[in-house]
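Here the structure comes first, spelled out in structure tokens, and everything after it is commentary.
Numbering (UniProt numbering), first residue to last: 1 to 236.
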């Protein structure tokens, strides 16, 4: 399987504080890749650097195209979409309007946007039932579904997903992660940062362990899950 995202020798941080140190990783086309690790390891920093929200040094390429120097908007136009931990929904706008904003880049393709909107409602029937409601009225699980569906409206090739299970009940976590796993069938690659390591490793194809800003373990997700150190630190 070819790599959609290739990262090599990546350094990134905030101001003078370097958080990521010489990271190398890849995301194969049509796969879910999990990043697990403790709080403060640099997981969110990695996603922000890939999305163009933080300055970074090193090699980053999407399907062979260098990402360095590209703006957030340019990366989005090439198919890199970030769903942040905070979800960043517009609470005083309806579900349908939030989704339409996600497809803003394709606003001239009205027929295509209408198809994308119907596909989003088919994928998330609960959102279809609440299409006219304000986003602020949704439950935590519904808000996460909306954040994911809105990202899909941009027609991503690579979805950067930050802590989708945060604050959700176990039953809702399972549903949301099943939705994430299903993106493979559409050829979408996912780089998943998730504090719930057990749930993340269950749906992932590959996994990386990020500790102190460095990759300390990597491999097929089921192999990483069986590592004694990973089991003790993250699956106990």
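Glycine residues also receive a C-beta, built at the ideal position from the N, C-alpha and C atoms. All of these numbers come straight from a predicted model, not from anything done at the bench.
Residue range of the unbroken alpha helix (DSSP H) whose run includes residue i
i, result
"residue 142", "140-152"
"residue 5", "Here residue 5 belongs to no alpha helix (DSSP H); instead the beta strand (DSSP E) covers 3-14."
"residue 126", "125-129"
"residue 73", "72-77"
"residue 174", "170-182"
"residue 51", "43-51"
"residue 166", "Taken as a continuous stretch (DSSP letters only), residue 166 belongs to no alpha helix (DSSP H), as it is neither H nor E."
"residue 229", "228-234"
"residue 198", "197-203"
Beta carbon of residue i nearer than 9 Å to that of residue j
i, j, result
"residue 175", "residue 141", "yes"
"residue 5", "residue 62", "yes"
"residue 206", "residue 183", "no"
"residue 102", "residue 150", "yes"
"residue 233", "residue 84", "no"
"residue 198", "residue 235", "yes"
Residue i - partner residues in DSSP beta bridges
i, result
"residue 192", "34, 161"
"residue 65", "62"
"residue 18", "13"
"residue 80", "158"
"residue 96", "Note: residue 96 sits in no beta bridge, so no partner."
"residue 185", "According to DSSP, residue 185 bridges with nothing at all."
Endpoints, beta strand (DSSP E) assigned at residue i
i, result
"residue 134", "Neither: residue 134 is in no beta strand (DSSP E) and is coded neither H nor E."
"residue 211", "206-211"
"residue 218", "214-220"
Contact belief for residue i with residue j at Cβ below 8 Å, rounded distance in angstroms
i, j, result
"residue 51", "residue 82", "4 Å"
"residue 36", "residue 194", "7 Å"
"residue 42", "residue 24", "Actually they do not touch by this definition, with Cβ atoms about 14 Å apart."
"residue 147", "residue 32", "In fact, because the Cβ distance is near 17 Å, the residues do not count as touching under 8 Å."
"residue 156", "residue 80", "7 Å"
"residue 20", "residue 44", "Not quite, the Cβ-Cβ distance comes to about 11 Å (not below 8 Å), so this is no contact."
"residue 7", "residue 58", "7 Å"
"residue 161", "residue 192", "5 Å"
"residue 3", "residue 26", "4 Å"
Residue i CB to nearest heavy atom of the ligand SAM below 8 Å
i, result
"residue 18", "In the structure on display, the ligand SAM does not appear, and there are no ligands present to speak of."
Practice problem: Inspect the CB distances between the segment 9-18 and the segment 187-205 and report whether three or more fall short of 8 Å. | Solution: By the criterion of at least three beta-carbon pairs nearer than 8 Å, the segment 9-18 is not in contact with the segment 187-205.
Quiz item: Three or more beta-carbon pairs under 8 Å between the segment 87-94 and the segment 131-139, yes or no?
Solution: yes
Quiz item: Quick one: any contact between the segment 112-124 and the segment 69-80, if contact means 3 or more CB pairs under 8 Å?
Solution: no
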